[in-house]
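A short worksheet on the structure shown next.
There are 2 protein chains.
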Amino acid sequence: MNYQELSHQINSKSSYLCVGLDTDINKIPQQLLKEKDPIFEFNKQIIDATIDYAVAYKPNIAFYEALGIKGWESLQKTIEYLPKDVFTIADAKRGDIGNTSKMYAKAFFEQMNFDSITVAPYMGSDSVEPFLEFEDKWVILLALTSNEGGKDFQFEELKSGETLYQKVLDVSQKWGTKENLMYVVGATRSKEFQEIRKSVPDHFLLVPGVGAQGGDLEELSKYGLNENGGLLVNSSRGIIYGSSDTNFADVAGAKAKAIQEEMKGYLERVC
Amino acid sequence: MNYQELSHQINSKSSYLCVGLDTDINKIPQQLLKEKDPIFEFNKQIIDATIDYAVAYKPNIAFYEALGIKGWESLQKTIEYLPKDVFTIADAKRGDIGNTSKMYAKAFFEQMNFDSITVAPYMGSDSVEPFLEFEDKWVILLALTSNEGGKDFQFEELKSGETLYQKVLDVSQKWGTKENLMYVVGATRSKEFQEIRKSVPDHFLLVPGVGAQGGDLEELSKYGLNENGGLLVNSSRGIIYGSSDTNFADVAGAKAKAIQEEMKGYLERVC
């Protein structure tokens, strides 16, 4: 999916919601465990219930990898089930030397046909660029993450005066464009949000922190939205684990709808 | 495998060689393609031919992931085939928020029973610590990588005067010990090697760069070895793709033997 198509989806659904499919076999409703593929069955029902309110879906790959080959099968079925007009994110946080990153790109862009993948910046340009060579595919580079450990290095002040995450934003803009490069920006730090928007006014930002990680949707929408949307806001646990009962999909749908309605209001302010 | 057992292996084989199983379906000898599982067949023959000269094996996970479910099956068979007295490294460069890193740890330490996994430091403490909670399992943290892009951020000078990779070494020593934490140190920079040894005198260092990435074994052994070994030096392409003919395993064995003999000499100098 390209930039224009993604902006169009945001416009037409009045939503920039990404549903995080962090599907944990120990957390899904008991009655699904009798299904042949409980993980896929759960995802399928969540997707059906939320598809009108979400523009993107983000399986966190760790949850599938932890189940071995069965997990990869569930992931493959999930990505095949998702309609072509939603943006798909492999939250994999990969990154390695060039020939290896190329292998990861093949795995996620060709084997599984994801639109995008999250990538860690520590190994620099040649670890990221192989992902950028695929047409209409995206890198979502970690810039500022919302976890506690994010403070260990990302806020380090460099001799030049900027912080490490600012340096990541600056340097990486030479590797890709707003058409194939997004950034992960942790929502719990809305003070930094304005400043980040100044560095990357046009790039899409993926905000992973609304819900369990405690972001403030109004605040980050105020600073993060631009005229093309420019934001994808993820909620995982807050949507998919709203209920552990037979009505889990309905509850997920209602939660997604509530977020979408809030987003609609914020979108109207900028468009 | 614990610290003492690894040191013992190094001593008894007079080797600190790690064989990188970056097994690429497009590079393995043609005649293997008629096998049911060419990747595993290649690995099996490489392992048989090199097992007397190597103390560790490091499959780069990307090469398996790129093949989808079949690749994961080949990886699983490979890890099961490796004898218990070699150290196994999942070169996966994972790292995510706490509950997600725990999932990755389960995938590699429980599902696949690897001894260790490479982890990227950008997301800080809570992305690394879940891996350190498994007994006799190891994190191998990226500190200084040997690729060109490694220069983009790792050498950034911080306000404190140290470089980012030094900061990673300093901070991460609070997370683990020499018994469960190693570092990736790119061999192409032996000037930095001495300095790194001062920061982490007792930790094992994994050097990924001998062979195709151009490290100098004598130089890095001089600065990197300590009385417990303290080094694992990886060679991937230089060993496994020595010949594309039917004799590929013999050639790999001979190449591994030559490196081991050189290593034996360097070990005698320090022990």
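For the protein sequence lines, the chains are Y and A, in the order given.
Under the working numbering, the first sequence has 1320 at position 211, and the numbering climbs by one with no breaks.
Under the working numbering, the second sequence has 1331 at position 222, and the numbering climbs by one with no breaks.
Each residue gets a CB set at the ideal place from its N, CA and C atoms; glycine is no exception.
From a predicted model like this one, the values you see are computed outputs, not experimental measurements.
Closer than 7 Å at the beta carbon, the chain C residues around residue i
{"i": "aspartate 1261 of chain A", "result": "You won't find chain C in this structure, because its protein chains are Y and A."}
Identified DSSP bridge partners for residue i
{"i": "arginine 1203 of chain Y", "result": "Y/Val1228"}
{"i": "glycine 1338 of chain A", "result": "A/Asn1335"}
{"i": "leucine 1253 of chain A", "result": "A/Val1294"}
{"i": "tryptophan 1247 of chain Y", "result": "Y/Ser1225"}
Rounded separation between residue i and residue j - CA only
{"i": "proline 1067 of chain A", "j": "lysine 1215 of chain A", "result": "Outside the displayed range of chain A (1110 to 1380) lies residue 1067 of chain A, so it cannot be described from this structure."}
{"i": "glutamate 1150 of chain Y", "j": "glutamate 1144 of chain Y", "result": "7 Å"}
{"i": "leucine 1329 of chain A", "j": "phenylalanine 1302 of chain A", "result": "7 Å"}
{"i": "tyrosine 1382 of chain A", "j": "serine 1308 of chain A", "result": "Any answer about residue 1382 of chain A is impossible in this case: the structure gives chain A only from 1110 up to 1380."}
{"i": "glycine 1207 of chain Y", "j": "phenylalanine 1243 of chain Y", "result": "14 Å"}
{"i": "methionine 1221 of chain A", "j": "aspartate 1325 of chain Y", "result": "39 Å"}
{"i": "aspartate 1133 of chain A", "j": "tyrosine 1166 of chain A", "result": "16 Å"}
{"i": "alanine 1171 of chain Y", "j": "aspartate 1146 of chain A", "result": "25 Å"}
{"i": "tyrosine 1375 of chain A", "j": "asparagine 1152 of chain A", "result": "28 Å"}
{"i": "leucine 1314 of chain Y", "j": "arginine 1203 of chain Y", "result": "18 Å"}
{"i": "cysteine 1127 of chain A", "j": "proline 1317 of chain Y", "result": "37 Å"}
{"i": "glutamate 1182 of chain A", "j": "isoleucine 1178 of chain Y", "result": "7 Å"}
{"i": "glycine 1333 of chain A", "j": "arginine 1346 of chain Y", "result": "45 Å"}
{"i": "glutamine 1369 of chain A", "j": "serine 1210 of chain Y", "result": "30 Å"}
{"i": "valine 1237 of chain A", "j": "leucine 1251 of chain A", "result": "11 Å"}
{"i": "leucine 1241 of chain Y", "j": "tyrosine 1112 of chain Y", "result": "14 Å"}
{"i": "valine 1164 of chain A", "j": "asparagine 1337 of chain A", "result": "14 Å"}
{"i": "threonine 1187 of chain Y", "j": "glutamate 1371 of chain A", "result": "51 Å"}
{"i": "valine 1319 of chain A", "j": "glycine 1295 of chain A", "result": "9 Å"}
Residue i classed as buried or exposed, judged by whether at least 16 other C-beta atoms fall within 10 angstroms
{"i": "serine 1142 of chain Y", "result": "First, the residue type needs correcting, since residue 1142 of chain Y is leucine and not serine in the sequence shown. Burial call: exposed."}
{"i": "tyrosine 1190 of chain Y", "result": "exposed"}
{"i": "arginine 1306 of chain A", "result": "buried"}
{"i": "threonine 1355 of chain A", "result": "exposed"}
{"i": "glutamine 1263 of chain Y", "result": "buried"}
{"i": "isoleucine 1136 of chain A", "result": "Reading off the sequence shown, one finds lysine at residue 1136 of chain A, where the question assumed isoleucine. Under this definition lysine 1136 of chain A is an exposed residue."}
{"i": "aspartate 1245 of chain A", "result": "exposed"}
{"i": "glutamate 1265 of chain Y", "result": "buried"}
{"i": "serine 1269 of chain A", "result": "exposed"}
{"i": "threonine 1254 of chain Y", "result": "buried"}
{"i": "proline 1192 of chain A", "result": "exposed"}
{"i": "aspartate 1157 of chain Y", "result": "exposed"}
Proximal chain Y residues relative to residue i, where beta-carbon distance stays under 7 Å
{"i": "lysine 1276 of chain A", "result": "Phe1262, Glu1265"}
{"i": "aspartate 1205 of chain A", "result": "Ala1171, Lys1202"}
{"i": "threonine 1254 of chain A", "result": "Met1232"}
{"i": "threonine 1209 of chain A", "result": "Asn1169, Ala1171"}
Cβ distance (whole Å) where residue i is taken to contact residue j below 8 Å
{"i": "asparagine 1169 of chain A", "j": "glycine 1129 of chain A", "result": "6 Å"}
{"i": "aspartate 1279 of chain Y", "j": "asparagine 1256 of chain A", "result": "At roughly 20 Å, the Cβ-Cβ gap does not stay under 8 Å, so aspartate 1279 of chain Y and asparagine 1256 of chain A are not in contact."}
{"i": "isoleucine 1249 of chain Y", "j": "methionine 1291 of chain Y", "result": "4 Å"}
{"i": "glutamine 1118 of chain A", "j": "phenylalanine 1196 of chain A", "result": "7 Å"}
{"i": "isoleucine 1155 of chain Y", "j": "alanine 1358 of chain Y", "result": "6 Å"}
{"i": "threonine 1159 of chain Y", "j": "alanine 1367 of chain Y", "result": "Not a contact, Cβ separation roughly 11 Å."}
Interface residues of chain Y facing residue i [CB-CB closer than 8 Å]
{"i": "methionine 1291 of chain A", "result": "Neighbours of methionine 1291 of chain A on chain Y: none; closest Cβ ~16 Å, over 8 Å."}
{"i": "lysine 1399 of chain A", "result": "What is shown of chain A runs 1110 to 1380, which leaves residue 1399 of chain A out entirely."}
Cross-chain neighbours of residue i in chain A, by beta carbon under 9 Å
{"i": "glutamate 1182 of chain Y", "result": "Ile1178"}
{"i": "alanine 1367 of chain Y", "result": "Correct list: empty, because the minimum Cβ distance to chain A is about 24 Å."}
Where residue i meets chain A, residues with beta-carbon distance less than 7 Å
{"i": "glycine 1258 of chain Y", "result": "Met1232, Gly1233, Ser1234, Asp1235, Ser1236"}
{"i": "leucine 1314 of chain Y", "result": "Those do not exist, as leucine 1314 of chain Y stays about 17 Å from chain A at its closest Cβ, beyond 7 Å."}
{"i": "lysine 1145 of chain Y", "result": "Result: empty, since nearest Cβ-Cβ is about 16 Å, beyond 7 Å."}
{"i": "lysine 1268 of chain Y", "result": "Glu1266, Leu1267, Lys1268"}
Where residue i meets chain A, residues with beta-carbon distance less than 8 Å
{"i": "leucine 1251 of chain Y", "result": "Tyr1231, Met1232"}
Contact list for residue i against chain Y, beta-carbon separation under 9 Å
{"i": "leucine 1273 of chain A", "result": "Tyr1231, Phe1262, Glu1265, Leu1267, Leu1273"}
{"i": "tyrosine 1057 of chain A", "result": "Residue 1057 of chain A lies beyond the range of chain A shown here (1110 to 1380); nothing can be said about it."}
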